[in-house]
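Everything in the sequence shown is counted per my numbering, starting at 1438 for the first residue and increasing by one.
For every residue, glycine included, the Cβ atom is placed at its ideal position computed from N, Cα and C.
Since this is a predicted model, take the numbers as computed values, not measurements.
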Amino acid sequence: MDMKQRVSQLISTMPLAEKVGQLFMLAFAGPDLEYAKKLIKDWHIGGFYLTDDNSRNSVEALRLNQQLQHEAALRHCDAPLILGVDQEGAWGILTKETDLGPGNLALGKADEPALTARMYQVLASQMQQLGYNTLLAPCADVNTNPDNPIIGQRSFGEEPELVSRHVQAAVRSVLDTGMLCSVKHFPGHGDTATDSHSGLPSVDRGLAELLQTDLQPFVAAIEAGVPLIMTSHIFYPKLDAVYPATLSSTLLTGLLRKQLGFDGVILTDSMNMGAMRRHYGPAEAAVLALKAGADLIMLSEEHYENANTPYKDLQQQTIQGVINAVASGEVTESRIDEALRRVLCLRYQWQSTAVSPTPLSTTQAAQTAKESARKAFKVLRNSAGLWPLGNKRFQLAFVTNPQCYDRICNSRGIGPNDPIPASQYFSEGLQQAGAVHLQYSFNQLEQMLQQGTVLPEHGALVLVTEDYPLPGEQMDLAEQQHRVQRACELWGEQVIVLALRSDYELTQYPHLSTYICSYSSRKVSALLAAELLVSNNNL
1438 MDMKQRVSQL ISTMPLAEKV GQLFMLAFAG PDLEYAKKLI KDWHIGGFYL
1488 TDDNSRNSVE ALRLNQQLQH EAALRHCDAP LILGVDQEGA WGILTKETDL
1538 GPGNLALGKA DEPALTARMY QVLASQMQQL GYNTLLAPCA DVNTNPDNPI
1588 IGQRSFGEEP ELVSRHVQAA VRSVLDTGML CSVKHFPGHG DTATDSHSGL
1638 PSVDRGLAEL LQTDLQPFVA AIEAGVPLIM TSHIFYPKLD AVYPATLSST
1688 LLTGLLRKQL GFDGVILTDS MNMGAMRRHY GPAEAAVLAL KAGADLIMLS
1738 EEHYENANTP YKDLQQQTIQ GVINAVASGE VTESRIDEAL RRVLCLRYQW
1788 QSTAVSPTPL STTQAAQTAK ESARKAFKVL RNSAGLWPLG NKRFQLAFVT
1838 NPQCYDRICN SRGIGPNDPI PASQYFSEGL QQAGAVHLQY SFNQLEQMLQ
1888 QGTVLPEHGA LVLVTEDYPL PGEQMDLAEQ QHRVQRACEL WGEQVIVLAL
1938 RSDYELTQYP HLSTYICSYS SRKVSALLAA ELLVSNNNL
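Here it is in structure tokens:
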């Protein structure tokens, strides 16, 4: 009996409630194993979205994941759970114990697909050793809107062909480790000016333009054998005048399934995000998504706004709402069976081909991360000849308001998740390098800008800018840019901007003479930036 026959036979023995539950991938707060067991036993769910909130360290993570899979193996349907994590570089979990590298944007700037493959091998293998089996990565979004508040460093870049080759390299690498992966956010989140965690973005592109831009990386991922594709909560009015992508049969069934030929699992982005929650009831959205062609519904219990309904009740009401919709005929049971067949085939297929984790040495992983960061580093302006500083004395200030750093670690463990900002790592790197410099506090810099303080004639002032892709929140980018612009007015060619972020801010600084960019706010890039700043390496 082949896999499909086995799964079809199993489905024929399953009651409706069990079928529906298997189509949900849910989250739970903290290390609440008892509630997780309840979701497995009583609600029959098919997987979990896991974050730093569930496990504080690698020992806890492995123990939790093993306990979850053990519980699932005791069920009538003993398919292993999908245990998914946003380990994608710019976002990640267990940041103190894993090597996230510099993130996708830096990998794209390095533009060596083989290096991207090696970095994703690190990401996948480290998660695999902890019992996770699904990387909710890579982002296949094309950064066509520099003002995009949520993608940024999560994308490989601005060119569809470049993004495509790196998406393909990442997907193949993850699959080669024995992990599952999901590209995201179909049909593209790169041209949005709204974060779908907080609102419903709209993209005014037609199919012809999408085929030339945003869809190319998804086609590349399908060619690479990607097993899951995650939807986006984005409105594409030229393609569907009524529903956003997650709820659109035109986009999911018509475009993704039929036109692009994807036969894997269509996974929704979290149905708790503001884009959904502000416009649809949870059960209503889940029903519409399944009718549109989605196979697996994710609710990641995100706390971006106060909810009137406790998340446990919300999860259970959503599953029950789908059960009721099938019972009433609003959703056909054959549609449920179709989705379940894909989901179970994926899970059993992973189980049958799963390989024992092959640990990478910590040295090898760290070297790959540093090489990725190094090859991304770019000097984009140097008309005053200030770079490299070498052993010259210089002055230093960070233009980010320190209050913004509290946003880097989301309370639900979603996002960058490093409690130490890039600026602090950069300062540590300067100390390690023995740099001779005078550092101003944020308040001192503000005072200097207000008073028009005169700098020493031959002293360079290094201003460090930062940005982080924060779900549901934003950094003080306009304020940072204003400080840099004022500094350029006051101190002209003495100003060096070192960007621990993307270079999308550069258009705001027409009079800036020296600009160096890491394309990353990760630790490895910040430490490297400090090392390179005071070296005699002119890149």
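Neighbourhood of tyrosine 1941 by C-beta, 6 Å cutoff - its chain only, sequence neighbours within 5 removed
Pro1583
Once DSSP output is grouped into helix, strand and coil, what is the label at glycine 1545?
helix
Under the three-state reduction of DSSP, which class applies to isoleucine 1953: helix, strand or coil?
strand
Considering only residues of the same chain and omitting the five flanking positions on each side of glutamate 1497, which have a CB-CB separation below 7 Å?
Pro1468
From the DSSP output, in three-state form, read off cysteine 1925 for me.
helix
Would you kindly work out how many angstroms separate the C-alpha atoms of cysteine 1514 and leucine 1476, rounded to a whole number?
14 Å
Taking the beta strand (DSSP E) that lysine 1815 belongs to, which residues open and close that run?
1815-1819
On the CB-based measure, 16 or more other CB atoms within 10 Å of its CB, does serine 1860 come out buried or exposed?
buried
Between Leu1833, Trp1928, Asn1570, which has its C-alpha nearest serine 1789's C-alpha?
Asn1570
Report the option in Ala1630, Cys1618, Gly1643, Gly1636 whose CA atom is closest to the CA atom of alanine 1658.
Cys1618
Serine 1771: buried (16+ other C-beta within 10 angstroms of its C-beta) or exposed?
exposed
What residues are listed by DSSP as bridge partners for leucine 1619?
The residue you asked about is not leucine; residue 1619 is serine in the sequence shown. Beta-bridge pairing links serine 1619 to Leu1665.
Once DSSP output is grouped into helix, strand and coil, what is the label at isoleucine 1851?
coil
What does the Cβ neighbour count give for glycine 1852, buried or exposed, with the cut at 16 atoms within 10 Å?
buried
Of the residues Leu1689, Pro1517, Gly1545, Ser1878, the one placed nearest glycine 1594, counting alpha carbons only
Gly1545
Let me know the secondary structure DSSP gives serine 1639 once reduced to three states.
strand
Could you give the DSSP three-state label for glutamate 1742: helix, strand or coil?
In this predicted model, glutamate 1742 has a pLDDT of only 47, less than 50, meaning its place in the structure is not dependable enough to derive any value.
For alanine 1516 versus glutamine 1590, is the C-beta distance shorter than 9 Å?
no
Under DSSP, the beta strand (DSSP E) around methionine 1462 begins and ends at which residues?
1461-1463
Can the beta-carbon of serine 1685 be found closer than 9 Å to that of glutamine 1653?
no
Could you pull out every residue in the same chain whose Cβ sits closer than 8 Å to the Cβ of leucine 1817, ignoring the five residues on either side in sequence?
Asp1940, Leu1943, Tyr1952, Ile1953, Cys1954
Would you report the Cα separation of proline 1681 and tyrosine 1673, rounded to the nearest angstrom?
6 Å
Please list the terminal residues of the continuous alpha helix (DSSP H) segment that includes isoleucine 1477.
1470-1478
Roughly how far, in whole angstroms, is the beta-carbon of histidine 1634 from the beta-carbon of glycine 1529, given that I think they are within contact range, below 8 Å?
Going by Cβ atoms, the distance from histidine 1634 to glycine 1529 rounds to 17 Å, so no, they are not a contact pair.
For histidine 1874, the nearest candidate out of Ile1703, Ser1864, Gly1691 (CA to CA):
Ser1864
Run through the DSSP bridge pairs and tell me what histidine 1874 is partnered with.
Phe1831
Under the three-state DSSP convention, the category serine 1765 falls into
helix
Closest to threonine 1769 by C-alpha separation, out of Val1724, Lys1749, Glu1549, Asp1750, would be which residue?
Val1724
Note the first and the last residue of the continuous beta strand (DSSP E) segment covering alanine 1678.
Unbroken run through alanine 1678: none, as it is neither H nor E.
Considering alanine 1936, what are the terminal residues of the beta strand (DSSP E) in which it resides?
1932-1937
Taking the beta carbon of tyrosine 1784 as the centre, do at least 16 other beta carbons fall within 10 Å, making it buried, or is it exposed?
In the sequence under discussion, the amino acid at residue 1784 is arginine, which differs from the tyrosine named in the question. It counts as buried.
Could you give the first and the last residue of the continuous beta strand (DSSP E) run that contains glutamate 1903?
1897-1903
Counting Cβ pairs, one atom from each stretch, are 3 or more of them under 8 Å apart for the region 1598-1612 and the region 1560-1575?
yes
With a CB to CB cut of under 6 Å and the five nearest residues on each side skipped, what residues in its chain are close to alanine 1872?
Val1971
Comparing alpha-carbon positions, which option in Ser1765, Arg1938, Pro1856, Leu1736 lies nearest methionine 1667?
Leu1736
Would you mind stating whether leucine 2026 and tryptophan 1928 have Cβ atoms separated by less than 9 Å?
The requested residue 2026 is not part of the displayed model; the chain covers only 1438 to 1976.
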